[in-house]
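Report on one structure; see the data block that follows.
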Amino acid sequence: MLRSSTFTDSGPRCSCLPVSQTLHSMDTVLMGSLQHCCCQLPKMGDTWAQLPWPGPPQAAMLLVSLLLAAGLMHSDAGTSCPVLCTCHNQVVDCSSQRLFSVPPDLPMDTQNLSLAHNRITAVPPGYLTCYMELRVLDLRNNSLMELPRGLFLHAKRLAHLDLSYNNFSHVPADMFQEAHGLVHIDLSHNPWLRRVHPQAFQGLVQLRDLDLSYGGLASLSLEALEGLPGLVTLQIGGNPWVCGCTMEPLLKWLRNRIQRCTADSQLAECRGPPEVEGAPLFSLTEESFKACHLTLTLDDYLFIAFVGFVVSIASVATNFLLGITANCCHRWSKASEEEEI
């Protein structure tokens, strides 16, 4: 039986177990732990040549074959294509497979991952930890309501993220934490999306395309967009916008900053207040918000005070007259009763 030896290479350190123990541990390896990707097998040229092989060459070759087979099985567990998925040229396509959860193991060099058109309800925390080459993540048309905190902590190269056609109700401040390489975010067709945190897109200085169309947004904080210096395209049509005074800063910023927002300008309409219902959002001008800037002068306050005083006097006089009239009616009624008796 081979002793347990430790191989040292330029990479991580891993231990070589006896054959029987190696085979016994294969069940654990094949369970799909996400941590196995952090330990790579040493290179064969740097390792096997250092082993002190005892006995005849035939026995040594047999032992090498067994250990190599075990090593390949261990390596395949982290690099093989997931069941129900297709893998080609660093593209993993698991779309339209009626999946209720994300596949547990992916090739470590995955750059494009499609999980679209499934029934996925949640993404486990740390799911993207080992896939540092990921550039495109497609999660559209699922049943996601939220993403775990820190999901993109190690996805430094992620540039395109599609979360459309899901069930998000809000975009929290830490949803895209550490995803500083994002260029395109699609959050369209989330009908329950009511709120975007003012710091939801903080730090995304490379973001160029943001799609928030066909949601349930009635308002959007200007602070949520001010920290996006590279923003070029903003899709916001199909939302029930309330074009009150709070909407003016956002519209003014859009006219001055966005270079191209004509793609859905006809779809962005006001649902309220009643005086602007149905009006295109981008048709509103400074004149439309003139009433928001009205201020009262001293004459206005004096006039209001005078009117209030007059109304108060008139109210007192009216009540006095009504009291006298009621008293007279009561006396007249009582006198009529006495005459009849």
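So that you can map any letter, position 319 of the sequence shown is 319 in the UniProt record's numbering, and since no number is skipped, the others follow by simple counting. Ideal Cβ placement from N, Cα and C applies to all residues, glycine included. Predicted model only: the values in this text are computed from it and were never measured.
query, result
"Please report the distance separating the alpha-carbon of PRO321 from that of GLY238.", "A small fix is needed here, since residue 321 is Leu in this sequence, not Pro. Roughly 59 Å separates the two Cα atoms."
"Assuming contact is defined by CB atoms lying nearer than 9 Å, are GLY216 and ASN190 in contact in what I supplied?", "yes"
"I need the straight-line Cα distance from ALA305 to ALA200, nearest angstrom please.", "47 Å"
"Which same chain residues, not among the five before or five after LEU207, have their C-beta less than 7 Å away from its C-beta?", "LEU182, VAL183, ILE185, PHE201, LEU228, GLY230 and LEU231"
"Which full runs of the beta strand (DSSP E) of 3+ residues lie inside the segment 100-137, going along the chain?", "112-114"
"So what does DSSP say about GLY230, is it helix, strand or coil?", "coil"
"Helix, strand or coil, according to DSSP, for CYS329 in the structure here?", "helix"
"If we ignore side chains and look at the alpha-carbon of each, how far apart do ALA116 and THR86 end up?", "13 Å"
"Evaluate ASP105 with the Cβ neighbour count: other Cβ atoms within 10 Å of its Cβ, from every protein chain shown; 16 or more gives buried, anything less gives exposed.", "buried"
"Just confirm the distance between the C-beta atoms of TRP253 and LEU222, as a whole number of angstroms; I'd bet it's less than 8 Å.", "6 Å"
"Relative to the alpha-carbon of HIS160, which residue among LEU212, MET145, LEU137 and GLU269 has its alpha-carbon at the smallest distance?", "LEU137"
"In whole angstroms, what separates the C-alpha of GLY71 from that of PHE152?", "Its pLDDT being 46, under 50, GLY71 is placed unreliably by the model, and nothing is read from it."
"If you draw a straight line from the C-alpha of PRO198 to the C-alpha of HIS170, how long is it?", "11 Å"
"Give me, in chain order, the residues of the same chain whose beta-carbon lies closer than 8 Å to that of LEU220; leave out the 5 immediate sequence neighbours on both sides.", "VAL196, LEU212, ILE236 and LEU250"
"Pick from LEU144, CYS292 and TYR214: whose alpha carbon is nearest that of SER101?", "LEU144"
"Is the CB-CB distance between MET108 and CYS130 below 9 Å?", "yes"
"Within the same chain, show all residues whose beta-carbon is closer than 8 Å to that of LEU99, passing over the 5 residues directly before and after it, in chain order.", "LEU84, LEU115, ASN118, ARG119 and ILE120"
"Mark ALA326 as exposed unless 16 or more other C-beta atoms lie within 10 angstroms of its C-beta, in which case mark it buried.", "exposed"
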